[in-house]
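Quick notes on the structure that follows.
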Amino acid sequence: MFDLTGKSVYVAGHRGMVGGAIARQLKDRDCTVLTATRQELDLLDQAAVFAWMEQARPDAVVVAAAKVGGILANNDFPADFLYQNLVIETNLIEAAHRAGVDRLLFLGSSCIYPKFAEQPIQEDSLLTGALEPTNEWYAIAKIAGIKLCQAYRKQYGRDYISGMPTNLYGPGDNFDLQSSHVIPALMRKAHEAKEASDANITIWGTGTPRREFLHVDDCASACIHLLETYSDDIHVNIGSGDDLPIYGLAQLVCEVVGFEGEIVRDETKPDGTPRKLMAADRLRAMGWTPAISLKDGLASTYQWFLENKAEARGA
Ligand code: GFB
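The sequence shown begins at 1354 in the working numbering and counts up by one.
Structure representation (structure tokens):
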């Protein structure tokens, strides 16, 4: 439906894990990938974003730029998560519209859904219940992004679409123990405990919440698939279709890293939403399936961490 051949695609957020993976995959296609570093373009600066887009006039825009973080960062910096994400997405979407860009993919998150949504979570359960308090700020901003795409489609006929990735991991992730998501945190903890011959590592919360994980390269291929084939106002879940408890994830990470000590729980830290498994059938029906199992993805991510520790974010 949207042939990428010969097109120019602006990937906003190419220095982040998701934007980086999308830009890498697009570079293998017969299209031009446009990027701008934070020094070249501050996405919080509306006038700068409007001017940049007007001058670049890409054929398509991928909104992968966002202020992201794990459960504690979301909980501790609500204003940053709400304000920055709202501003980044409104600047980019309005700029794209003003510059006559007719194709745009906006990326959200599985935390947009109600805390107690029926599992697996269907796309149409959006806005049917209260959000998970630890990440409602980020979720509200991402819901606004979906609504912006729908509004520009409805009012101006723009072909703007949204994809909602589940919890992602992979090369380029943030390994800072305070602000990261669970996989890079546990990988680093297990690695450092192994190196120091420690007896145990500590995980946050009870270990019972269940999470679904997807390797970022699978997410990138799903995003490109949507960009090429999907045109409708309902957002599309991007997930693996499987989940596991955090304690089971910790065991798997320890196995991959080769740490044989004990896993201890710190129950003073939040659990967050009890379960967040998204229904994967809509995207599967469009002909996309994930290619990387959790075990293989953890192993290759750990290899990446070992090879890039010095430059890895937060490590
Ligand atoms: O990955 P995570 O921070 O994100 O945490 P969320 C997932 C689960 O792992 C929670 C537990 O139950 C955490 O308590 N956990 C155990 C840990 N040990 C650790 C650890 O050392 N570090 C971290 N970070 N977690 C985020 C949202 O929620 O998910 C965002 O806050 C976004 O808005 C993102 O949607 C995908 O799945 O809880």
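Quick reminder that beta carbons are idealized off the backbone N, C-alpha and C, glycines included.
Quantities reported herein were computed from a predicted structural model and do not represent experimental measurements.
On the DSSP letters alone, give me the boundaries of the alpha helix (DSSP H) that residue i sits inside.
{"i": "Pro1537", "result": "Val1535 to Ala1549"}
{"i": "Ala1631", "result": "In the sequence as presented, Ala is not what sits at residue 1631; that position holds Met. Element bounds for Met1631: n/a, residue is neither H nor E."}
{"i": "Asn1427", "result": "Ile1424 to Asp1429"}
{"i": "Leu1597", "result": "Segment Asp1596 to Pro1598 is the beta strand (DSSP E) holding Leu1597; no alpha helix (DSSP H) there."}
{"i": "Ala1409", "result": "Gln1399 to Ala1409"}
{"i": "Glu1660", "result": "Leu1647 to Asn1661"}
{"i": "Lys1380", "result": "Met1370 to Lys1380"}
{"i": "Leu1501", "result": "Glu1489 to Tyr1509"}
Go ahead and label residue i buried or exposed: buried means 16 or more other beta carbons lie within 10 angstroms of its beta carbon, across all protein chains shown.
{"i": "Ala1376", "result": "buried"}
{"i": "Arg1410", "result": "exposed"}
{"i": "Asn1553", "result": "exposed"}
{"i": "Thr1621", "result": "exposed"}
{"i": "Arg1564", "result": "buried"}
{"i": "Gly1510", "result": "exposed"}
{"i": "Ser1463", "result": "buried"}
{"i": "Ile1599", "result": "buried"}
{"i": "Asp1429", "result": "exposed"}
In angstroms with no decimal places, state the Cα-to-Cα distance between residue i and residue j.
{"i": "Thr1487", "j": "Arg1628", "result": "14 Å"}
{"i": "Ala1632", "j": "Asn1520", "result": "14 Å"}
{"i": "His1367", "j": "Gly1611", "result": "32 Å"}
{"i": "Phe1403", "j": "Ile1474", "result": "36 Å"}
{"i": "Lys1648", "j": "Leu1605", "result": "7 Å"}
{"i": "Asp1395", "j": "Leu1425", "result": "26 Å"}
{"i": "Tyr1491", "j": "Tyr1436", "result": "9 Å"}
{"i": "Asp1433", "j": "Lys1420", "result": "8 Å"}
{"i": "Ser1361", "j": "Val1589", "result": "23 Å"}
{"i": "Asn1438", "j": "Ala1549", "result": "39 Å"}
{"i": "Cys1607", "j": "Asp1512", "result": "44 Å"}
{"i": "Ala1470", "j": "Lys1662", "result": "38 Å"}
{"i": "Thr1388", "j": "Glu1613", "result": "43 Å"}
{"i": "Ser1593", "j": "Leu1567", "result": "6 Å"}
{"i": "Gly1650", "j": "Ser1532", "result": "21 Å"}
{"i": "Gly1453", "j": "Ile1616", "result": "54 Å"}
{"i": "Pro1518", "j": "Phe1658", "result": "22 Å"}
{"i": "Ile1645", "j": "Val1569", "result": "10 Å"}
{"i": "Leu1484", "j": "Ile1591", "result": "19 Å"}
{"i": "Asp1455", "j": "Val1416", "result": "14 Å"}
{"i": "Leu1530", "j": "Ile1446", "result": "33 Å"}
{"i": "Asp1398", "j": "Glu1581", "result": "30 Å"}
{"i": "Asp1586", "j": "Leu1379", "result": "24 Å"}
{"i": "Ser1499", "j": "Phe1459", "result": "One detail in the question is off: residue 1499 reads as Ile in this sequence, not Ser. Roughly 7 Å separates the two Cα atoms."}
Under the three-state reduction of DSSP, which class applies to residue i: helix, strand or coil?
{"i": "Ile1556", "result": "strand"}
{"i": "Ser1463", "result": "helix"}
{"i": "Gly1611", "result": "coil"}
{"i": "Arg1637", "result": "helix"}
{"i": "Phe1566", "result": "strand"}
{"i": "Ser1515", "result": "strand"}
{"i": "Ala1418", "result": "coil"}
{"i": "Asp1619", "result": "strand"}
{"i": "Leu1435", "result": "helix"}
{"i": "Ile1474", "result": "strand"}
{"i": "Arg1666", "result": "strand"}
{"i": "Arg1456", "result": "strand"}
{"i": "Leu1602", "result": "helix"}
{"i": "Leu1521", "result": "strand"}
{"i": "Ala1413", "result": "strand"}
{"i": "Thr1481", "result": "coil"}
{"i": "Ala1644", "result": "coil"}
{"i": "Leu1445", "result": "helix"}
{"i": "Arg1451", "result": "helix"}
Which residue comes first and which comes last in the beta strand (DSSP E) that contains residue i?
{"i": "Asp1313", "result": "As shown, the chain starts at 1354 and ends at 1668. That puts residue 1313 outside it, with no answer to give."}
{"i": "Asn1692", "result": "A question about residue 1692 goes unanswered here, because the residues of the chain that appear run from 1354 up to 1668."}
{"i": "Ala1365", "result": "Ser1361 to Ala1365"}
{"i": "Leu1387", "result": "Thr1385 to Leu1387"}
{"i": "Asn1527", "result": "No beta strand (DSSP E) contains Asn1527, which DSSP labels as neither H nor E."}
Exercise for the section: With the ligand GFB as the reference, list in chain order each residue whose Cβ lies under 5 Å from any of its heavy atoms. Expected result: Gly1423, Ile1424, Asn1427, Ser1462, Cys1464, Asn1488, Tyr1491, Asn1520, His1534, Val1535, Ala1538, Ile1556, Trp1557, Gly1558, Pro1562, Ile1599, Asp1624 and Gly1625
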